[in-house]
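Enquirer: Dropping a structure here in structure tokens format, bear with me for questions.
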Amino acid sequence: MSENTRPPGTAQTEESLARNWLQRIFVRSGVLRAAALPALAVFTALVIGAVIIAVSDPDVLAAWGDLFQDPLGALSETWFSIADAYLALFQGSFGSPAQVVRGIGRWIETGNTRPLLDAFRPFAESLVISTPYIFAGLAVAVSFRGGLFNIGAEGQLFVGGLASVYVGYAITGLPWFLHLPLALLAGIAAGALWGAIPGYLKARTGAHEVINTIMMNYIAFRLTDYLLQGGPMTRPDGLPITPEIQPSAYLPALFPRPVRLHVGFFLALAVAAGVYWFLWKTTYGFEIRMVGANPRGARYAGVGITSTVVLTMALSGALAGLAGANQVLGLDHRLVRGFSTGYGFDSIALALLGNSHPVGVVLASLLFGFLRGGAARMQSVAGVPVEIIRIVQAMVIIFVAAPEIIRGIYRLRKMSAGEAVHVRGWRS
Amino acid sequence: MPPVLQLRSITKSFPGVLANDHIDLELHEGEILALLGENGAGKTTLMNILYGLYTQDEGEIYVRGEPADIRSPTDAIRYGIGMVHQHFMLIPVFTVTENVMLGDESVRAGILLDRDRAAGRIGEISRRFGLNVDPSALVENLPVGVQQRVEIIKVLYREADILILDEPTAVLTPQEAEHLFAVIRSLVAQGKSVIFITHKLKEVLAIADRITVLRRGRVAGDADPARVTEAELAKMMVGREVILEVGKGQARPGDVVLDVQDLMVRGDRGALAVDGVSLQVRAGEILGIAGVQGNGQTELVEALTGLREAESGRLAIQGQVMTDATPRAITEAGTAHVPEDRQQDGLVLPFSVADNLVMNTYYVPPFARGIVLQEDEIEAAAQQRAELFDVRTPSIRVPVANLSGGNQQKVIVARELSRPIRLLVAAQPTRGLDVGSIEYIHSRLVEKRDDGCAVLLVSSELDEILSLADRIAVMYEGQIVATLAAADATKERLGLLMAGVREEQATLVT
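Sequence lines, in order, name chains A and B. Numbering follows the working numbering, with no gaps: position 200 of the first sequence is 200. Numbering follows the working numbering, with no gaps: position 352 of the second sequence is 352.
Right under this line is the structure:
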């Protein structure tokens, strides 16, 4: 009898069919199951990244050329190549624990905070990079919950930046507790408007929001170009940069330079909590989710579809606008052409990775932020190009969007209906 | 000769429920076996095990005497077992050929799709079994009855000898069901064996060679359709005497609650689906609208509940004009609507049972204060209503998608009948439900009527109309062709009216 046949009568439960601990996690349901897939996606992506790092390292290739003369050499060269790269990545993302300890020591001895701040800088910088991801990721997540694709986060981010920087430099003489909220509000309102327009068009005419939000992106980019290049918002010296905002509009920094961490990060966390409350604990959130889950049922239930769609897109746009305001008011204190490095587009992947839930979005944003934070050091210290990190990020996105790949690699069971990400097809 | 299929001692449990408890089942070649049982009795689980969608905890399957290890539908298909599901799995924008081919494509030169060869085979199967399906037709253009035949072809294309049909007549008109029975008889005459899962007692007696009844995961008994009665079958299914005809007292109609004048409503394709309908429903009476599906009943109900605009005409609820009012306004005027399509319109499947129980009332106190949802209140009310209306669910927090069709319908009924209402519009309220659930819903409808509610019942099941309605209006091609008192209605008379035969013509014929 071969090992594949079983005597009749011995059927198996799902549990016993789980051949290892990994599969057993998937059989149990709950939070662990929801987090397991993204975690595996990240792990697998890092493994693939490691392979690419090794394969693109000339020293490693040379060592493998001498495989038969020096097999251990090939292996150790590979190992060190990968280890150096990821160690540099880690130090770039988090910093070096040893350096932190030294910094504390120096501070105690001499009262000089600089070494400690330098040691803390990588970690803080990763949080800084994560912050606009959180806002933009929340924006797209909200739209997904409402059954809509907001591809316009980038444009909404731009107009949010424009509006808040204008309020920041054009209004003088206000105390910070009026000026800062006003500047933030301007960013929110501009983003909300930029989102509401495609939302309204979708609700009233059925015009698909994917097309309209993309077009609004282009309008936003060209608007920025116009305003900044010799237009009304240019600095007097002619460079495509706006004037600096008043200190009363700054998002306060939490530490002295070189650490750039400012209140924006904690504002993002608070906003994430707020989005959770709004979507799951209020009537408006209930309506948004109902329209996303079943528009026909929502009509039957008396929900105003037009107003809900507009609200969803406006809220989404507002959050993306906050991302722009965050960059302007907390980091640069002015708006520079190219101040956004594609946060709005990455955020679509983040929303998917976080399963359109605020907690997931925050975690996914932190992941991407930390990866990006370490990429520069990985390049300067280990000589690994930053594009590797883009590849890792892209792999994570692919694995989350096509879970069958991960399931195939690790031989896991099928998912239940509840796990599906709620994005519907082209026809809504 | 051994039976073509044998299930021995099949046992399967899920967290909290023993779905199949040592079930034995036999199917002989060329036989039509009916598998009868309430929702939750375990029929679908058993068939899913047979088809490889689940694996049994204990027990064996034997196909033609050989033990069969079925771990996936691919295995089942290899053993010659095919399943036609209740909810079709067809791609609307593909042709019949493409749908049937999907997953088992004919290829030329390795990667090119060979639609012609597949279409040829499909045509052959279609002719051989009397299915009459055009392989090049687009599925979305086909009526439901024909779509079902495409599902049957899918199964035959993969050379199944044992066919499992899950609730096949749930979506068919009486005529289409007759056609289906003819097809099944043809299949069996050519050597196929069929397991027919159903709740409908009349059908079982009409089509089956043998009946096996399941109740609460166990075999409750076998029966011979030639000898057993409906009442006996119902008793086996439910475990107690079942009232197949609800006993209702005389109606005591009061004031007019719903007043419809000359309503005209356009359908999806632009034609007038409702062509000048006038009717009135009084408090304390049930007006039944009889008619074959597709004669405008759906559009009429949509217009009455705010889901479709009327072209012209007037409708008033308790004197207030509500033509083209929003669904919310109509609900707030004291109307309840049990919709025809429970999953698309009546529920939000990914949401919890509790959320669904407040699906249209979440925005008022006590369920909300201002814009904040009061979760404790919602859960407390949901728990109470679920118990009161006998909704079988492990908890009110599970997604309502996990519930069986009957229990999903009970959620809708629990929601709609738990608030003070003057008008209840119930469209096909017991479609696809088992005897126990039907009995329950019928009794709640009569209860509401006796409470003084006006009830508009739209149903394509003549028995249901005859059993419940005090007055009956027959709809044909968008018009009410006759309104009669229940006492004056007979099946024959209604059947003729439903087919468009005017009364004057009928008397002329005789």
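Glycine included, each C-beta is placed from N, C-alpha and C at the ideal position.
DSSP state of B:R369, grouped into three classes?
Expert: In the structure shown, B:R369 sits in a strand (DSSP, three-state: E or B).
Enquirer: Taking the alpha-carbon positions, what's the A:F255 to A:G264 distance?
Expert: 13 Å
Enquirer: Cβ of B:R115 versus every heavy atom of the ligand PLP: is any distance shorter than 7 Å?
Expert: For the structure depicted, the ligand PLP is absent and the ligand set is empty, with no information on it obtainable.
Enquirer: Roughly how far, in whole angstroms, is the beta-carbon of A:L353 from the beta-carbon of A:V396, given that I think they are within contact range, below 8 Å?
Expert: 7 Å
Enquirer: Of all the options B:D161, B:R215, B:L201, B:D209, which has the alpha carbon lying nearest to the alpha carbon of B:Q190?
Expert: B:D161
Enquirer: Buried or exposed: which applies to A:I134, given that a residue is buried once 16 or more other Cβ atoms fall within 10 Å of its Cβ?
Expert: buried
Enquirer: Under 7 Å Cβ-Cβ, which residues of chain B neighbour A:A35?
Expert: Within 7 Å Cβ-Cβ: nothing; A:A35 doesn't reach chain B, min ~19 Å.
Enquirer: Leaving out the 5 sequence neighbours to the left and right, which residues in its chain are closer than 6 Å to B:R152 when beta-carbon positions are compared?
Expert: A quick correction: the sequence has Ile, not Arg, at residue 152 of chain B. Excluding positions up to five away in sequence, the list reads V84.
Enquirer: Give me the residue from B:Q408, B:L494, B:A208, B:G436 with the minimum Cα distance to B:R240.
Expert: Nearest of B:Q408, B:L494, B:A208, B:G436 to B:R240, Cα basis: B:G436.
Enquirer: Around the Cβ of B:S395, are there at least 16 other Cβ atoms within 10 angstroms (buried) or fewer (exposed)?
Expert: exposed
Enquirer: Residue range of the beta strand (DSSP E) that B:Q595 falls in?
Expert: The requested residue 595 of chain B is not part of the displayed model; chain B covers only 1 to 510.
Enquirer: Using only CA atoms, which one of A:L67, A:D346, A:G103, A:M216 lies nearest to A:A394?
Expert: Taking only the C-alpha atoms, the option nearest A:A394 is A:D346.
Enquirer: Under 8 Å Cβ-Cβ, which residues of chain A neighbour B:L349?
Expert: Chain order gives the chain A residues near B:L349 as A293, N294, where near means a beta carbon separation below 8 Å.
Enquirer: By the criterion of Cβ-Cβ separation under 7 Å, what are the contact partners of A:A301 in chain B?
Expert: Taking a Cβ-Cβ cut-off of 7 Å, the neighbours of A:A301 in chain B comprise M359, N360, given in sequence order.
Enquirer: Report buried or exposed for B:F14, applying the criterion of at least 16 other Cβ atoms within 10 angstroms of its Cβ.
Expert: exposed
Enquirer: Within its chain, find whatever has a CB closer than 8 Å to the CB of A:G408; leave out the 5 residues flanking it on each side and keep chain order.
Expert: Cβ neighbours of A:G408 beyond the five flanking positions: none.
Enquirer: Does the region 245–264 of chain B come into contact with the region 314–327 of chain B, if we say contact requires no fewer than three beta-carbon pairs (one atom in each stretch) closer than 8 Å?
Expert: yes
Enquirer: What alpha helix (DSSP H) runs, 4 residues minimum, are completely inside the region 115–171 of chain A?
Expert: 153–170
Enquirer: Kindly provide the ranges of any alpha helix (DSSP H) runs that are 4 or more residues long and lie completely inside the region 184–237 of chain A, ordered along the chain.
Expert: 209–228
Enquirer: Out of A:W79, A:M378, A:G152, A:L61, which one is the CA nearest neighbour of A:N212?
Expert: A:G152
Enquirer: Specify the secondary structure class of B:E26 as computed by DSSP and reduced to three states.
Expert: strand
Enquirer: May I have the straight-line CA-CA distance separating B:G30 from B:V228, to the nearest angstrom?
Expert: 21 Å
Enquirer: Give a yes or no on whether the C-beta atoms belonging to A:A298 and A:G191 are separated by under 8 Å.
Expert: no
Enquirer: Between which two residues does the alpha helix (DSSP H) holding B:K154 run?
Expert: 144–157
Enquirer: Going by beta-carbon coordinates alone, are B:L357 and B:A414 separated by less than 8 Å?
Expert: yes
Enquirer: Is the distance from the Cβ of A:V60 to the Cβ of A:S81 below 8 Å?
Expert: yes
Enquirer: Residues of chain B with CB under 9 Å from A:G360, in chain order?
Expert: Under the 9 Å cutoff, chain B gives no residues; its nearest Cβ is about 16 Å from A:G360.
Enquirer: Flag this pair as yes or no: are the beta carbons of B:Y157 and B:I195 separated by less than 8 Å?
Expert: B:I195 sits away from B:Y157, with the two beta carbons spaced by 8 Å or more.
Enquirer: Hey, is B:I412's beta-carbon within less than 8 Å of any beta-carbon in chain A?
Expert: Not one beta carbon of chain A lies nearer than 8 Å to the beta carbon of B:I412.
Enquirer: Using 8 Å as the limit for Cβ to Cβ distance, is B:V372 near chain A?
Expert: Yes, B:V372 lies at the interface with chain A (some Cβ there is under 8 Å from its Cβ).
Enquirer: What are the boundary residues of the alpha helix (DSSP H) that B:D116 is part of?
Expert: 115–128
Enquirer: Who pairs with B:N20 in a beta bridge, going by DSSP?
Expert: Per DSSP, B:K12.
Enquirer: Just by C-beta distance, which residues in the region 319–340 of chain B are closer than 9 Å to chain A?
Expert: T326, P327, R328, A329, I330, T331, E332, H337, P339
Enquirer: Can you tell me which of A:M290, A:A163, A:P175 puts its alpha carbon nearest to the alpha carbon of A:P232?
Expert: A:A163
Enquirer: 8 Å is my cut-off, CB to CB: does B:L90 come that close to chain A?
Expert: no
Enquirer: May I have the straight-line CA-CA distance separating B:E487 from B:S460, to the nearest angstrom?
Expert: The residue you asked about is not Glu; residue 487 of chain B is Ala in the sequence shown. Answer to the nearest angstrom: the Cα atoms are 19 Å apart.
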